[in-house]
Amino acid sequence: MEPLFYVMAIMGCSDGNMNCTEARVVPARYETMAQCRAALPDQLAQNTDVPYPMIGANCRTAGAQIAVTGKAKTRG
């Protein structure tokens, strides 16, 4: 199973940071949310070619995630 990691999405927005959509995902993976957030200024500076008047970025989880919903019922 692949471990949990964080990726950064570059968002393109209309004027006033409204109607933002994901323009691309940065290919780098980060081990922690703090590492991803620390890289935001540099990644924004490297992704100014996005064809929107305003750009932003968002860190999010990626990789394997296990949802726990309660005890599994067994047949017997």
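Residue 77 is where the sequence shown ends in the working numbering, and the numbering goes up by one at each step. Glycine included, every Cβ here is placed at the ideal spot set by N, Cα and C.
Arg38 carries a helical assignment under DSSP once its states are collapsed to helix, strand and coil. The beta carbon of Cys21 is closer than 6 Å to those of Met12, Cys14 in its chain, skipping five residues each way along the sequence.
Secondary-structure assignment with DSSP links Gly57 through a beta bridge to Met12. Here Ala24 carries a strand assignment [DSSP, helix/strand/coil]. In chain order, Ile56, Ala58 place their CB closer than 7 Å to the CB of Leu45, counting only its own chain and leaving out the 5 sequence neighbours on each side.
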